Structure formats: C-alpha cells, structure tokens
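Going by full-length UniProt numbering, 75 is the number at position 75 of the sequence shown; the sequence numbering is gapless.
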Amino acid sequence: MAYSSSCSSSANQTLPYTSSTCSTQSIEATHDFVVTNFSLLDGMGLGKHVSSGTFSVGGTDWSIRLFPDGAETKAHVSVLLSFLRGPCAWYED
C-alpha cells in the first residue's frame, strides 16, 4: 500500500511529497481446536485457560488458549493465539 500527499505550511510553502510501502507475506493454515463439554469449564477462574496442542505455521509454533472465565475480565470468554517459538521479527519505534 502506498500513500502520498502534499500540503502547505502557514508560510504558503509547498512541502515535499512523501510515500511509503508495506509489503507482507501471507501464509494460511487451519487448526481445529475442539472443546467438548465446554460448560464443565465454567468457573475455572479468571486468567485460567486450557490450550490446544502445538501446531506449526510458516516455521513457527503456535497454540490456542481458551479462557472460559476471561483472560483479564470476567465479562467474556477469551480466545488467544499464542506464539511459542520460531523465527520472529520485533520492531520498536
């Protein structure tokens, strides 16, 4: 995706055009995580979870974590995708 723009300053000077591009790769996969007797998990406690088995996508290992009573608040069920290991890029500004 590219974006470019031009604008003027209060001194009526035209500022230069700028643009940037972000290119990403996409790897698609499917993992079925079946939870039987979900109602029996009710009351596990806030922040408590059950996990899927580990699965690999694009050379990285992942798991799905299901928090029946919520990960941080008890208002909703939470489902999180968890990175376990493998190549990873981390950028901080």
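Backbone N, C-alpha and C fix where the C-beta goes; we use that ideal spot for every residue, glycine too.
Being a predicted model, the structure only gives us computed values, none of them experimental.
Assign PHE67 to buried or exposed, taking buried as 16 or more other Cβ atoms, counted over all protein chains shown, within 10 Å of its Cβ.
Counted from its first residue, the sequence shown places residue 67 at position 67. Buried: at least 16 other Cβ atoms inside 10 Å.
Please name the residue, chosen from GLY47, GLY86 and VAL34, that lies closest to VAL57 on a Cα-to-Cα basis.
Here residue 57 refers to the residue found at position 57 of the sequence shown. Ranking GLY47, GLY86 and VAL34 by Cα distance to VAL57 puts GLY86 first.
Taking the beta carbon of HIS49 as the centre, do at least 16 other beta carbons fall within 10 Å, making it buried, or is it exposed?
On the sequence shown, position 49 is the one that residue 49 refers to. It is buried - the Cβ of HIS49 has at least 16 other Cβ atoms within 10 Å.
GLY59 to SER20, Cα distance in whole Å?
Mapped onto the sequence shown, residue 59 falls at position 59. Mapped onto the sequence shown, residue 20 falls at position 20. Cα to Cα, GLY59 sits roughly 28 Å from SER20.
Here's the rule I'm using: 16 or more other beta-carbon atoms within 10 Å means buried, otherwise exposed. How should ILE27 be labelled?
As a position in the sequence shown, residue 27 is number 27, starting the count at 1. Exposed, since its Cβ has fewer than 16 Cβ neighbours within 10 Å.
Along the chain, where does the beta strand (DSSP E) containing VAL79 start, and where does it finish?
The residue labelled residue 79 in the question sits at position 79 within the sequence shown. Here the beta strand (DSSP E) through VAL79 covers 78-85.
Beta strand (DSSP E) containing THR60: first to last residue?
If you number the sequence shown from 1, residue 60 lands on position 60. That run of the beta strand (DSSP E) goes 60-67.
Please name the residue or residues paired with VAL57 in a DSSP beta bridge.
Translated into positions along the sequence shown, residue 57 becomes position 57. Paired residue(s): THR60.
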